[in-house]
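Worksheet: one structure, shown below.
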Amino acid sequence: MNKVVTRFAPSPTGFLHAGNYRTAVFSYLFAKHTGGSFILRIEDTDTARSKKEYEDNIYEALAWLDLRSEKTYRQSEHKARHRELLEKLVAENLAYVSKEEVKNEGDREEVIRFRNPGGLVSFTDLIRGEITTDVTDLGDFVIAKSFDEPVFHFAVVVDDSDEGVTHVVRGEDHISNTPRQIIIQRALHLETPQYAHLPLILSPDRTKLSKRNGARAITDYRDLGFLPDALFNYLSFLGWNPGDDREYLTRDELIEAFDISRVQKGSAIFDETKLLSVNQHWMRQLSDEDFLAKMMDFVNPSLSIDSEMLGKAVSLLKERSKTFGEAREMLSGELSCLFEQPCLDKERLTAKELPSHPRMTVLALEGLLEPLKSLPEGASPEAVKLTIMPVANAEEAKEKGGRGAVLWPLRYALSGQEHSPDPFTLISILGKEESASRIRKAIAILV
RNA sequence: GGCCCUAUCGUCUAACGGUUAGGACGUCGGCUUUUCAAGCCGAUAAUCGGAGUUCGAUUCUCCGUAGGGCUACCA
1 MNKVVTRFAP SPTGFLHAGN YRTAVFSYLF AKHTGGSFIL RIEDTDTARS
51 KKEYEDNIYE ALAWLDLRSE KTYRQSEHKA RHRELLEKLV AENLAYVSKE
101 EVKNEGDREE VIRFRNPGGL VSFTDLIRGE ITTDVTDLGD FVIAKSFDEP
151 VFHFAVVVDD SDEGVTHVVR GEDHISNTPR QIIIQRALHL ETPQYAHLPL
201 ILSPDRTKLS KRNGARAITD YRDLGFLPDA LFNYLSFLGW NPGDDREYLT
251 RDELIEAFDI SRVQKGSAIF DETKLLSVNQ HWMRQLSDED FLAKMMDFVN
301 PSLSIDSEML GKAVSLLKER SKTFGEAREM LSGELSCLFE QPCLDKERLT
351 AKELPSHPRM TVLALEGLLE PLKSLPEGAS PEAVKLTIMP VANAEEAKEK
401 GGRGAVLWPL RYALSGQEHS PDPFTLISIL GKEESASRIR KAIAILV
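Residue 28 in the numbering used here sits at position 28 of the first sequence, and the numbers go up by one each step.
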């Protein structure tokens, strides 16, 4: 059997989104699983709608995703070849130049139409089995606006053949285009490749994913701080599964496990919440070094950030964020107290839902200073807890409002935040000197 | 309208014609923590409807229904 060649053929008429990308992923997985090759073809025959910025976006997105193609073609580079075959078809009277009524702006007075032989056309789809259509109703459809401007159906057939594409893996929206492409292939005496029509990816409103219904550009996911392999992992599970209970697979594992016969027939809705959880999973798999390196890409370089402290914050970041974008937010939000002095509000210092006893709070905080001194430098959160909890529990025993009467003011004094990591972790990271200093500042506010 | 495709928890999905219809995400509850997050434990929830075929249909067939796609001088 010949080596498998698949292709991804986006048109540069919009930003690459998850629907396009999922098609690329499956096409890539199918090729790589069999040791075949994957090529990229920019379908830019529609000069009116094709834009350089969209073409660049495709390259940019694929580079970020590390979806490497063996070869890259631009359809417009094959004009001479298209013209040659168009002329051949007309010479053989299999197509003809037709006079047209101009209905819309941009319409030509003459176009090239294909002489449709009509009849039943069937092909075997790798995912759906045999599909049969009567092509008679298609009529003599247009295959080119002029000899130098072939239309999609014609260009695709010629290019797939010239580029040695053996398997066309594309979206379900092309099922009804396939029969007409097959009759063009027959007229040209070209071999018909294998087809695999993927189920569509839908927006939550159940329509085909598009910019209109809120689909993000792939590059947006990059800018939001998603891991490319997380997106790859999530998307490969939209319409496919390996047949066992695994949900988190690396790219190599996906290539190994991919089996086109397990591809779903029904379309799937793109669920960003689940993507987020898959991304969180892969962020946590990262080593602290890798995590830090990726994190630095997301921190505004102009923002001076204590890299030593950032290193200490990694486990908190891994535990609390689902994207690097979120992690970056935390640096100036709930985790900001690691990098700068907290700004304290006197009212907030006394525990919530407890009678306000500033004096009691002062006593509670003062009671922590001594135990804190006994802590070794670099004590773990568990060690800190072992030291602090007895004080809090003693306070509770004295019925001054429970452990919260100590723990809340302590946490708030350290963080200045309504929500933050627990006080033990904070002390462990901040160190006993800094912690003691913050506690004294809090006391000073109260007295 | 015509043609084509599809149909299992809210979502992604598993289940050689025989399972208490399984997992994951979400949601809800509990534990833990007097914050938040995480973690652990638990719960909720599905075979679109109707006929067949069969001893037995989620699974096979047909008919409905619903959704989607195509129906361009877009791809």
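Every residue, glycine too, gets a C-beta built ideally from N, C-alpha and C.
Item                                                                                                                  : Value
Whole-number beta carbon distance between F15 and S27, since they are thought to touch under 8 Å                      : About 19 Å; that fails the 8 Å criterion.
Element boundaries [alpha helix (DSSP H), containing K99]                                                             : Where K99 is concerned, there is no enclosing alpha helix (DSSP H), although the beta strand (DSSP E) it sits in stretches over A95 to K99.
Top-ranked residue by Cα proximity to E340, from L410, D244, W64 and L430                                             : L430
Where T350 falls: helix, strand or coil (DSSP)                                                                        : coil
Beta-carbon proximity of I183 to V135, cut-off 7 Å                                                                    : yes
Inter-residue Cα distance where the pair is L60 and V299                                                              : In the sequence as displayed, the identity of residue 60 is Glu instead of Leu. So the alpha carbons of these two residues sit roughly 21 Å apart.
Burial state of H419, where buried means 16 or more other Cβ atoms lie within 10 Å                                    : exposed
8 Å Cβ shell around R269 - same chain, five flanking residues per side excluded                                       : As written in the sequence, residue 269 is Ile, which differs from the Arg given in the question. Once the five neighbours on either side are set aside, the close Cβ partners of I269 are I201, L202, S203, P204 and R206.
Own chain partners of R128 with C-beta closer than 7 Å, once the 5 adjacent residues on each side are dropped         : H197 and K265
Pairwise C-alpha distance: L317 and S437                                                                              : 25 Å
Assumed close pair N279, K312 - CB separation to whole angstroms, cut-off 8 Å                                         : Between K312 and N279 the Cβ distance is about 23 Å, and since that is not below 8 Å, they are no contact.
Heavy atom of the ligand ADP within 6 Å of E366 beta-carbon                                                           : For the ligand ADP, the structure offers nothing, since it holds no ligand at all.
Bridge partners - P150, DSSP secondary structure assignment                                                           : A144
Start-to-end residues for the beta strand (DSSP E) that takes in F450                                                 : As shown, the chain starts at 1 and ends at 447. That puts residue 450 outside it, with no answer to give.
Neighbourhood of T166 by C-beta distance below 7 Å, restricted to the same chain and skipping five residues each side : N2, V4, V5, P193 and Q194
Own chain partners of E353 with C-beta closer than 8 Å, once the 5 adjacent residues on each side are dropped         : Low per-residue confidence applies at E353: pLDDT is 48, beneath 50, and the placement is therefore not dependable enough to give any value.
Member of L40, R359, S287 and A230 whose CA lies at the smallest distance from the CA of V447                         : R359
Proximal residues to R222 (C-beta, below 7 Å), its chain only, five neighbours per side dropped                       : W64
Selected residue, minimal CA-CA separation from A379, among A24, P423, G243 and E272                                  : P423
Touching by the beta-carbon criterion (3+ pairs, under 8 Å), the stretch 209 to 217 and the stretch 16 to 24          : yes
Cβ neighbours of L349 in the same chain (closer than 8 Å, five flanking residues each side left out)                  : P358, T361, P409, Y412, A413, A442, I445 and L446
Where R438 falls: helix, strand or coil (DSSP)                                                                        : helix
Host alpha helix (DSSP H) of I127 (start-end)                                                                         : No alpha helix (DSSP H) contains I127, which DSSP labels as neither H nor E.
Own chain, CB closer than 8 Å to S277, minus 5 neighbours either side, in chain order                                 : K322
CB-CB length for A217 against L94, believed under 8 Å                                                                 : Contact flag wrong, Cβ pair sits at about 41 Å.
Helix, strand or coil at L335 according to DSSP, with G and I counted as helix                                        : coil
Boundaries of the alpha helix (DSSP H) in which L224 is found, first to last residue                                  : I218 to L224
Residue from D271, K99, E272 and N241 whose Cα sits closest to the Cα of A257                                         : N241
Unbroken alpha helix (DSSP H) run spanning H197, endpoints                                                            : H197 -> not in any alpha helix (DSSP H); beta strand (DSSP E) instead, spanning Q194 to L198.
From R81, W282, S332 and I388, residue whose alpha carbon lies closest to that of R251                                : W282
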